[in-house]
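UniProt numbering puts the first residue of the sequence shown at 1, with every later residue one more than the last.
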Amino acid sequence: MAEGDTILENAAKEPHIVDVANFLNSMGANIKGAGTDVIRIKGVKRLHGCTYSIIPDQIEAGTFMMAAAATHGDVVIQDIIPKHMESISAKLIEMGCRIEEGDDSLRVIAEGCTLRSTNVKT
Numbered sequence: 001m002a003e004g005d006t007i008l009e010n011a012a013k014e015p016h017i018v019d020v021a022n023f024l025n026s027m028g029a030n031i032k033g034a035g036t037d038v039i040r041i042k043g044v045k046r047l048h049g050c051t052y053s054i055i056p057d058q059i060e061a062g063t064f065m066m067a068a069a070a071t072h073g074d075v076v077i078q079d080i081i082p083k084h085m086e087s088i089s090a091k092l093i094e095m096g097c098r099i100e101e102g103d104d105s106l107r108v109i110a111e112g113c114t115l116r117s118t119n120v121k122t
């Protein structure tokens, strides 16, 4: 294992990066700042096993959301974290879809909607 301190600047902030840090911390790592520009890692002597559940895949969920819009469908995506889907939800609303948010689900309604074009930056 690495010794000392490691600082990652201009770090990715995506939810899956935060989840990897949470997973490693559950195994005994010392990682701070995941989800921000700067991640600080203090070296530890060893990691140990743990039981961990990963977060839902927001890329997969986003693909289903876009498919619902493209097919003028009505689709419920379950077992997701709606907060992680806010940017794509906003674009779908801008395009003319309706979005209904549950605690761990999103419903994309494009049936009967006239979809508008929009610009997307990645």
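Don't be surprised by glycine CBs; every beta carbon is placed ideally from N, CA and C.
No experiment lies behind these values; they were computed from the predicted model shown.
Exercise. On the three-state DSSP scale, how would you describe ASP19?
Worked result: helix
For this session: Counting only runs of 4+ residues fully inside the UniProt domain "Enolpyruvate transferase" (1-122), write out the alpha helix (DSSP H) ranges in chain order.
Result: 15-26, 58-70 and 86-95
Exercise. Thinking C-beta only, is LYS42 closer than 8 Å to residue 147?
Worked result: This structure cannot settle anything about residue 147, because the visible part of the chain is limited to 1 through 122.
For this session: Return the Cβ separation of MET65 and VAL108 in integer angstroms, given the expectation that the two are a contact with Cβ distance under 8 Å.
Result: 5 Å
Exercise. So does the stretch 95-114 actually touch the stretch 61-80, counting three or more Cβ pairs closer than 8 Å?
Worked result: yes
Exercise. Thinking C-alpha only, which one of GLU14, THR63 and ASP5 is nearest LEU106?
Worked result: THR63
For this session: With distances taken Cα to Cα, identify the nearest neighbour of GLY4 among ARG40, ILE17 and MET85.
Result: ARG40
For this session: With a cut-off of 8 Å on the beta carbons, I'd call GLU9 and VAL38 a contact; round off their distance for me.
Result: 6 Å
For this session: Please name the residue, chosen from GLU111, ASP57 and ASP74, that lies closest to ILE17 on a Cα-to-Cα basis.
Result: ASP57
Exercise. CA-CA distance, residue 157 and HIS48?
Worked result: Only positions 1 to 122 of the chain appear in the structure, and residue 157 is not among them; the question remains open.
Exercise. Among ALA61, ALA68, PRO82 and PHE23, which has the Cα closest to the Cα of GLY96?
Worked result: ALA68
Exercise. If you check the beta carbons only, do ALA12 and HIS72 fall under 8 Å apart?
Worked result: no
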